[in-house]
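Residue numbers (the numbering used here): 867 to 1151.
By construction, the Cβ of each residue, glycine as well, lies at the ideal position given by its N, Cα and C atoms.
To start, the structure under review is shown below, and the notes come after it.
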Amino acid sequence: MAIEVKNISYTYSPGLPGETLALDDVSFEIEDGQICGIIGHTGSGKSTLLQTLNGLIKPSQGSITIDGDCITDGSTKLVEIRKKVGLVFQYPEYQLFEETVAKDVAFGPKNLGLEHDEIDRRVREAIELVGLDYDSICEKSPFELSGGQKRRVAIAGVIAMNPKILILDEPTAGLDPGAHADVIRMVRNIHEELGIIIILVSHNMTDIANISDKVIVVNKAKIVADGTAREVFSRREFLQSMGLDVPPVIDIMHTLETRVEGFHSVAINADEAADEICTLLKQKK
867 MAIEVKNISY TYSPGLPGET LALDDVSFEI EDGQICGIIG HTGSGKSTLL
917 QTLNGLIKPS QGSITIDGDC ITDGSTKLVE IRKKVGLVFQ YPEYQLFEET
967 VAKDVAFGPK NLGLEHDEID RRVREAIELV GLDYDSICEK SPFELSGGQK
1017 RRVAIAGVIA MNPKILILDE PTAGLDPGAH ADVIRMVRNI HEELGIIIIL
1067 VSHNMTDIAN ISDKVIVVNK AKIVADGTAR EVFSRREFLQ SMGLDVPPVI
1117 DIMHTLETRV EGFHSVAINA DEAADEICTL LKQKK
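Structure follows, in structure tokens:
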């Protein structure tokens, strides 16, 4: 279920005074089973890019191929695209509307015309996969839940559609630290259990560095960097030149480099930094 994007462009309000180029000749690939982090400023083109992958927006040029099927050739039915590609918008809990959690999660599978037993199975599995206890929560109103629980119920509703690709747009936005950590653990668990492609957009660089196999940087409608998390975040000055943050641990290790002669860090997360510091301390004894 690989994704191949070739030379896509998209312009909002073409020919009008508010004409805006949102994507400019964008190309990249995501391999089976990868978690891909996408970073960039607000307005850089990230959300537009996500919507092209789900068929909500059709590029003005270029092609998008998912699992060998070109979804931009006009012949592919949108319903088939959305069976494969699940898109979770920012603050998805605002879209909860049913009387109970189970009914809300079941909404998508019901629209697929699935049998009752299959719907029930998917609902239970999806709720448990996002880290909630089915038996204790299934009959509750989604509006009685905490913010983090609502977020996970909304994501469960997409997972119940059995997508092969899951796109999460700022899944931790607005959550307190505890709920934030729960959602990141949930993303890891979904990936470990299902092995599907996950595309994660976030302004939290620590999350992106910790969880992503691949990172894409979008700036002014173009992709300006594409590589592993280590390759992208090692370009500290390049990212900062665009006003993007790097994980705090990278800044800390950079400061250490400037103060310890001969020390060079490649750490992009806390565990790697701790290992490097321990090695350094042993060498200094």
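- Secondary structure of G928 (DSSP, three-state): strand.
- Take G928, set aside five residues on each side of it, and the residues of its chain with a beta-carbon closer than 8 angstroms to its own are V871, K872, N873, I874, S875, D891, V892, S893 and T938, in chain order.
- Around S910, the same chain offers V1084 and N1085 as residues with beta carbons nearer than 6 angstroms, after the five sequence neighbours per side are excluded.
- Relative to the Cα of V954, the nearest Cα in the group T966, I1033 and T914 belongs to I1033.
- Ranked by how close their Cα comes to the Cα of I985, the residues L915, G899 and G974 have G974 in first place.
- Contact between N1070 and T1094 is absent: CB atoms are separated by about 18 angstroms, not below the 8 angstroms threshold.
- Burial is judged here by how many other beta carbons sit within 10 angstroms of a residue's own beta carbon; V1132 has fewer than 16 and is exposed.
- Proximity of the segment 958-978 to the segment 986-999 meets the contact definition, three or more beta-carbon pairs being nearer than 8 angstroms.
- No Cβ-Cβ contact shorter than 8 angstroms links G1023 with L1041.
- Here DSSP, grouped into helix, strand and coil, assigns T1145 to helix.
- The residues E965, T966 and V967, in chain order, have a CB closer than 8 angstroms to that of S1007 in the same chain once the five nearest residues on each side in sequence are set aside.
- CA-CA distance, L980 to L919, rounds to 25 angstroms.
- Counting other Cβ atoms within 10 Å of its Cβ, L915 reaches 16 or more and is therefore classed as buried.
- In the three-state scheme derived from DSSP, where H, G and I count as helix and E and B as strand, F894 is classed as strand.
- Here G884 is exposed. Its C-beta has fewer than 16 other C-beta atoms within 10 Å.
- In terms of CA proximity to I1025, I1056 leads the group I930, I1056, D999 and S1107.
- Separation of M1052 and L962 (C-alpha to C-alpha, rounded to the nearest whole angstrom) is 19 angstroms.
- The closest CA to that of R1054, considering only Q900, G940 and T886, is found on Q900.
- Non-local beta-carbon contacts of Q917 in its own chain, meaning distances under 6 angstroms to residues more than five positions away in sequence, involve I923 in chain order.
- Judged by their CB atoms, I1021 and P925 are not nearer to each other than the 8 angstroms cut-off.
- Per DSSP, the beta bridge partners of D1092 are I1082.
- Going by beta carbons, A1087 and L882 fall outside the 8 angstroms limit.
- Excluding its 5 nearest sequence neighbours in each direction, I1065 has C-beta neighbours in its own chain below 6 angstroms: C902 and I1033, listed in chain order.
- Residue range P1043 to L1060 is occupied by the alpha helix (DSSP H) that includes V1053.
- N1135 is positioned such that its CB atom lies no closer than 8 angstroms to that of A1045.
- Under the DSSP definition of a beta bridge, L978 lacks any partner.
- Secondary structure at L1032: strand, using DSSP grouped into helix, strand and coil.
- Rounded to whole angstroms, the gap between the alpha carbons of L1011 and D1048 is 15 angstroms.
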